[in-house]
Every structure is written in C-alpha cells, then in structure tokens.
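Here is the structure we will look at.
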Amino acid sequence: MARSPAPRYRTHRRPLWPLALGAAAVGAALAFSASASVRAPRGIEVVEDFNLDRYAGHWYELARIDHRFEKGLVQTSAHYSRGPDGSVQVLNRGFDPARKRWRESRGRAVFIGRPDQASLKVSFFGPFYGGYHVVALDEDYRWAMVVGASLDYLWILSRTPTLPRGVRPRLLAQARAMGVDMDRIVWVPQDEDGAVRIAA
0 MARSPAPRYR THRRPLWPLA LGAAAVGAAL AFSASASVRA PRGIEVVEDF
50 NLDRYAGHWY ELARIDHRFE KGLVQTSAHY SRGPDGSVQV LNRGFDPARK
100 RWRESRGRAV FIGRPDQASL KVSFFGPFYG GYHVVALDED YRWAMVVGAS
150 LDYLWILSRT PTLPRGVRPR LLAQARAMGV DMDRIVWVPQ DEDGAVRIAA
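In terms of numbering that gives the first Met the number 0, the sequence shown opens at residue 0 and continues consecutively.
Spelled out as structure tokens, the structure:
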C-alpha cells in the first residue's frame with residue numbers, strides 16, 4: 000500500500016520587535032528596581048551640604064545592626080578615599096575573634112544624585128549595590144550615623160574609639176524617631192581587651 004505524502008505545515012515567522020520591546024521593558028523595570036533599592040528609606044532625610052573630602056579618611060564603627068557579613072566582628076572600621084574616577088573607594092576591616100584573624104572587604108561607592116547630598120550606593124560584589132545614606136553628621140565631621148536602603152541597616156561611626164559625651168543619646172533618639180528597631184543595635188568593642196567604652 001502506498002504511503003500518503005506527509006502533510007506539509009506552513010510556518011509563520013513572528014516579528015522580533017515585540018520580543019525586543021519586551022526585553023527593553025524588562026530591562027527598564029530591572030533598572031528602576033535596582034535604583035529604587037538603593038535609595039534612602041521613605042521619609043528619611045539625608046545630610047545636605049555634604050563634603051566628601053572632609054568625610055574621607057578613617058572611621059571607627061562603634062555600633063551597627065548586625066548582618067551576616069559583619070556578624071561577630073570586633074574592632075571594625077571603615078576607610079574612605081576619593082578614587083581617580085570620582086568614585087569613593089571603601090575599605091572595611093574587622094577582627095574575627097573566633098578565627099583570630101583580620102577580615103577586609105573593598106568596595107566602591109558613587110553618589111546617587113548630587114555630590115553635596117550624602118546619598119550613595121556602594122558595591123562590594125560587582126554590579127550589586129546597596130544604599131549608604133548619612134542621616135546625621137557632626138559639623139566638624141567627628142561622628143556620623145548611616146542607614147541603608149532600609150532601616151534594617153544602621154551604623155554609627157566616629158573618628159575616635161568613643162563618641163563625645165552627649166552624642167550617643169542624641170543619635171539613639173534620632174534612630175528611634177526614624178523607626179529603627181533599637182533592640183537590634185549592637186555596640187562594637189574597639190579595644191583589644193574586647194571592652195565597649197561609650198561616653199554618656
């Protein structure tokens with residue numbers, strides 16, 4: 000018995016431009032999402048008239064909300080310097096008492112908007128950025144308080160291993176007013192003996 004010829008199907012080529020538009024839309028959405036994810040939390044004001052050259056240099060990290068990348072570290076510090084391309088070079092350092100060794104991480108930060116507004120995004124892992132927003136700053140740049148893109152991230156920094164008298168309650172009151180969970184703030188030992196020394 001002779002076989003009947005195989006049926007022939009007509010193929011319809013779909014134009015590529017809808018796919019291109021779809022990819023562009025997804026890319027734009029991702030870009031917007033990435034941008035939104037580094038901005039200051041809603042309703043939080045950042046420091047104006049910010050001077051990067053004055054802010055640069057060595058800072059002791061006196062308090063923070065703990066996260067995996069810093070958990071357990073003591074004698075933590077951050078060093079900021081202006082990069083040749085106008086970015087901010089970041090060096091974070093801390094001592095791991097469990098392993099008895101220092102840990103370092105290098106990153107790069109850029110301003111989200113104007114360079115006189117203390118709102119930056121910082122990256123330690125290639126294209127992935129986190130928010131860095133200075134919400135309190137001494138007029139002489141002796142201490143600062145920083146939050147991330149959410150209030151789950153907070154750091155209190157000082158040029159010296161202790162805060163000047165009266166600064167700690169002032170910063171904690173501001174953090175509480177912003178809505179920070181005060182029970183999550185830990186004070187970081189800055190001395191080799193592991194003591195936390197905080198001026199009232």
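Just so it is clear, CB atoms sit at the ideal spot from N, CA and C, and this is done for glycine as well. Since we're looking at a predicted model, the values are computed, not measured.
Sequence-distant residues of the same chain with beta carbon closer than 8 Å to W101, five excluded per side: Closer than 8 Å at Cβ, skipping near neighbours: R92, G93, F94 and D95.
Quick check on the DSSP output: the beta strand (DSSP E) that includes L170 runs from which residue to which? No beta strand (DSSP E) holds L170; the alpha helix (DSSP H) holding it covers V166 to M177.
Span of the alpha helix (DSSP H) around R53: Taken as a continuous stretch (DSSP letters only), the alpha helix (DSSP H) holding R53 covers L51 to Y54.
C-beta contact flag for A108 and V89 at 8 Å: Yes, these two residues count as a Cβ contact at 8 Å.
Could you pull the start and end residues of the beta strand (DSSP E) that D95 belongs to? First-last of the beta strand (DSSP E) with D95: V87 to D95.
Which of the three DSSP states, helix, strand or coil, is assigned to R107? R107 falls in the strand class under three-state DSSP.
Please classify Q189 as buried or exposed, where buried requires at least 16 neighbouring CB atoms within 10 angstroms. Q189 counts as buried, since at least 16 other C-beta atoms from the protein chains shown sit within 10 angstroms of its C-beta.
Can you give the beta carbon distance from V179 to L156, rounded, assuming they're within the 8 Å contact cut? Not a contact, Cβ separation roughly 15 Å.
Could you check whether V187 and L51 sit closer than 8 Å to each other, using their CB atoms as the reference points? Taking C-beta atoms as the reference points, L51 and V187 fail to come closer than 8 Å.
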